[in-house]
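Here the structure is laid out as structure tokens; the discussion comes afterwards.
In the numbering used here, the protein residues as written are 674 to 977.
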């Protein structure tokens, strides 16, 4: 059972965040945990703190007044601890995992300003194309494309990741540009192998359709190698926007079958739920969240 101070702290976070889900993300707990804490505090006070419906919550007039007093009380309570200790420096290890292609291209440029501003931070990067066990690998922050179903993590979607079927202009000039999946099957194609299980990743298309090249021109287990082969004119490839978009804009690649494009996947940032979040991890988490959400820094498709 939560004590009164914990309930008040959760309420103040929900009042500032404007939603129970966002409050849960900030606190590193489940939305259900936020709901239970708010309900328990309302039972203690005998007043409603939020209006609720199926789509949103909004703070009541009583809740607004109570939030002012509660925040003041929490600030006073926190000063009892801050006055007797030195604020910790922004130093120490931050464990980060990301897919190889994203880590190679984006993590170092994104982290460089933090490294310059806080030279005592230590970035421990683990590049893996599959989900990394955050506890076993001592991961504080993860970047992932796709779906995160593990309830041990607090995950937040940052950017859409479209996929394009692309080839270089010289290869397209030698072929009739495909207008259907049947026509695509007759062309030289690439296949990307899942390093975890050794199986080929299927090509994805609209309405849940999938496609597996029967006699691919290239088989590899590295997205960067697949991209290089596509740029060299060896094959058509299905390439994510963060790899393909710069070459599409420069004309080195051309997209085909746009009407058959699948729905974009999501790029997520996540961290373990367990335990408090240190100041250094929060700094890096917020910095990466902002960087990956910025379409000027992280390509999110030709429409942005």
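Each residue gets a CB set at the ideal place from its N, CA and C atoms; glycine is no exception. A quick note: this is a predicted structure, and the numbers were derived from the prediction, not measured.
Task: For residue 724 and residue 733, the rounded distance between their alpha carbons - done: 6 angstroms
TODO: For residue 838, write down the residues that DSSP places opposite it in a beta bridge.
DONE: Looking at the DSSP assignment, residue 838 forms a beta bridge with 911 and 929.
Open item on the list: Can you check which of these residues, 856, 973, 961 and 912, is closest to residue 784 by C-alpha distance?
Closed with: 961
TODO: Alpha carbon to alpha carbon, how far is residue 718 from residue 829? Give it in angstroms, no decimals.
DONE: Taking the straight line from one Cα to the other gives about 33 angstroms.
Open item on the list: Just to confirm the assignment, what range does the beta strand (DSSP E) spanning residue 771 have?
Closed with: 765 to 771
TODO: Closer than 8 angstroms by C-beta to residue 759: which residues in its own chain qualify, once you throw out the five before and the five after it? Chain order, please.
DONE: With a pLDDT of 47 at residue 759, under the threshold of 50, the modelled position of that residue is not reliable, and the figure given next carries that caveat. Hits under 8 angstroms: none found.
TODO: Determine the DSSP secondary structure at residue 686, reduced to helix, strand or coil.
DONE: Here residue 686 sits in helix by DSSP.
Open item on the list: With H, G and I counted as helix, E and B as strand and the rest as coil, what does DSSP make of residue 730?
Closed with: If DSSP states are grouped into helix, strand and coil, residue 730 belongs with the strands.
Task: Simplified DSSP state of residue 953, which is helix, strand or coil - done: helix
Open item on the list: So, at 6 angstroms on beta carbons, what are the nonlocal neighbours of residue 979 in its own chain, with the 5 sequence-adjacent residues on each side left out?
Closed with: Since the first and last residues shown for the chain are 674 and 977, residue 979 lies out of range.
- [ ] Measure how close the beta-carbons of residue 818 and residue 698 come, nearest whole angstrom, since I'm counting them as under 8 angstroms.
- [x] The Cβ separation is near 19 angstroms, so there is no contact.
Task: Buried or exposed by the 16-neighbour rule on C-beta atoms within 10 Å, applied to residue 678 - done: exposed
Open item on the list: On the criterion of 16 or more Cβ atoms from any shown chain inside 10 Å, does residue 691 qualify as buried, or is it exposed?
Closed with: exposed
Open item on the list: In this structure, how does DSSP classify residue 702 when only helix, strand and coil are distinguished?
Closed with: Residue state, collapsed to three classes: coil.
- [ ] Just tell me which of 867, 720 and 729 has its CA closest to the CA of residue 986.
- [x] No answer is possible for residue 986: it lies beyond the span of the chain, which begins at 674 and ends at 977.
Open item on the list: Under DSSP, the alpha helix (DSSP H) around residue 896 begins and ends at which residues?
Closed with: 896 to 904
Task: 6 angstroms CB neighbourhood of residue 757 in its chain, flanking five on each side removed - done: Caution applies to residue 757, whose pLDDT of 48 falls short of 50 and renders its modelled position unreliable; the value that the coordinates give is listed next. Excluding the 5 residues flanking it on each side, residue 757 has no same chain C-beta neighbour closer than 6 angstroms.
- [ ] Using 10 angstroms around the beta-carbon of residue 689, count the other beta-carbons present and answer buried if the total reaches 16, otherwise exposed.
- [x] Within a 10 Å sphere around the beta-carbon of residue 689 sit fewer than 16 other beta-carbons, which makes this residue exposed.
- [ ] Can you tell me which of 712, 714, 694 and 745 puts its alpha carbon nearest to the alpha carbon of residue 728?
- [x] Comparing Cα positions, the closest option is 694.
- [ ] Check residue 738 in the structure and name its three-state DSSP category.
- [x] helix
TODO: Determine contact between the stretch 951 to 960 and the stretch 782 to 802, defined as no fewer than three beta-carbon pairs at a distance below 8 angstroms.
DONE: yes
Open item on the list: For residue 850 and residue 877, what's the separation of their Cα atoms in angstroms?
Closed with: 18 angstroms
Open item on the list: Considering only their Cβ atoms, is the gap separating residue 839 from residue 921 smaller than 8 angstroms?
Closed with: yes
TODO: Tell me, please, which residues DSSP counts as bridged to residue 798.
DONE: 769
Task: Cut-off 6 angstroms between Cβ atoms - residues of its own chain near residue 714, not counting five sequence neighbours on either side - done: 680 and 684
Open item on the list: Mapping the DSSP letters down to three states, classify residue 750 as helix, strand or coil.
Closed with: Correct three-state label for residue 750: helix.
Open item on the list: Just to confirm before moving on: does the CB-CB distance between residue 916 and residue 771 stay below 8 angstroms?
Closed with: In this structure, residue 916 lies away from residue 771, with their beta-carbon atoms at least 8 angstroms apart.
Task: Where residue 782 falls, given that 16 or more other Cβ within 10 Å makes a residue buried - done: exposed
Open item on the list: By DSSP's criteria, residue 982 is part of a beta bridge. Which residues make up the other side?
Closed with: This structure cannot settle anything about residue 982, because the visible part of the chain is limited to 674 through 977.
Task: Where residue 934 sits in the DSSP three-state scheme - done: coil
Task: Residues bridged to residue 863 [DSSP beta-bridge criterion] - done: In the DSSP output, where bridge partners are listed per residue, residue 863 has 891.
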